[in-house]
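Under the working numbering, the letters of the sequence shown match residues 106 to 288, in that order.
In this text, a Cβ means the ideal position worked out from N, Cα and C, and glycines have one as well.
Everything below concerns the one structure shown next.
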Amino acid sequence: EASDDDHQKFKYSVKPGLTHWKELTIYPTKPTEFLSISSDATWGEDPDSRTSQSGYLCYLFGSFISWNSCRQRSITYSSTEAELNPLVKSFHEGVWLKALINKMWKIQIDSASHFIDNSDLNEQLTLDDITLKKLFCTNHLIDNKGLNNKLKKFGSNAKTCHIDLRTKGIRQEIKDKSRLKTC
Numbered sequence: 106e107a108s109d110d111d112h113q114k115f116k117y118s119v120k121p122g123l124t125h126w127k128e129l130t131i132y133p134t135k136p137t138e139f140l141s142i143s144s145d146a147t148w149g150e151d152p153d154s155r156t157s158q159s160g161y162l163c164y165l166f167g168s169f170i171s172w173n174s175c176r177q178r179s180i181t182y183s184s185t186e187a188e189l190n191p192l193v194k195s196f197h198e199g200v201w202l203k204a205l206i207n208k209m210w211k212i213q214i215d216s217a218s219h220f221i222d223n224s225d226l227n228e229q230l231t232l233d234d235i236t237l238k239k240l241f242c243t244n245h246l247i248d249n250k251g252l253n254n255k256l257k258k259f260g261s262n263a264k265t266c267h268i269d270l271r272t273k274g275i276r277q278e279i280k281d282k283s284r285l286k287t288c
């Protein structure tokens, strides 16, 4: 997992200098995993725009094979939401890598291991559908200068109610994995 100092270096991902590469160390999280992906984000790190920096790292048998780092386009309301953005992007990268591995080596992978260090996000992703809808889809969780009332008047906004829509595939993979572990 990338440390806070590494997040500062990720800002130079387009044209990194030698000093940036020398200071960046990446340790494989689980070398026994076939395909593993770690994602992380800061929350409102930039004092001017209040946007977050996020990224993900992909490993094949513990060897670093793919990565991404970028500034998020929108301002997030919580650290959980900030962590959700790179998780969704890393999920899409995992789907692409699984298809590539299948095409190259004819190996079918059920799912990639996603390592989530945010306990709130991990809890939300492992909830069953009924509990998730009850807790998050009816509540906008916005209590800032009357925005909640304005949103209720105009109906649901996809940007504030995205937990269920954007993470359906990830939640299904995590649920399937936890079912396999309990059997």
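In this structure the region 206-215 does not touch the region 185-198; the number of beta carbon pairs closer than 8 Å is below three.
Secondary structure of Leu232 (DSSP, three-state): coil. Distance between Gly160 and Ser184, taken at the CA atoms: about 14 Å. When secondary structure is reduced to three states using DSSP, Ile279 falls in the helix class. By DSSP's assignment, Asn173 forms a beta bridge with Tyr161.
Fewer than three pairs of CB atoms, one per stretch, sit closer than 8 Å, so the region 152-159 makes no contact with the region 226-236. Distance check between Arg176 and each of Ser168, Lys280, Glu150 places Glu150 closest, using alpha-carbon atoms only. Taken through DSSP and simplified to helix, strand or coil, Phe220 comes out as strand. Shortest Cα-Cα distance from Ser171 to any of Ile214, Ile180, Ile142 involves Ile142.
Contact between Ser216 and Glu138 does not hold, since the beta-carbon distance rounds to 11 Å and is not under 8 Å. Rounded to whole angstroms, Asn173 and Ser144 show a C-alpha spacing of 9 Å. Judged by DSSP secondary structure, Leu140 falls within the beta strand (DSSP E) whose first and last residues are 140-146. Leu162 places its beta carbon 7 Å or farther from that of Leu140. Around Leu226, the same chain offers Thr185, Glu188, Leu189, Leu192 as residues with beta carbons nearer than 8 Å, after the five sequence neighbours per side are excluded. Leu202 and His219 have their C-alpha atoms spaced approximately 13 Å apart.
Only buried fits Ile221, as 16 or more other CB atoms lie within 10 angstroms of its CB. A residue is called buried when at least 16 other Cβ atoms come within 10 angstroms of its Cβ; Thr181 meets this threshold and is buried. Sequence-distant partners of Gly199 (beyond 5 residues in either direction) whose C-beta falls short of 6 Å from its own C-beta, in its chain, are Ile142, Ala217.
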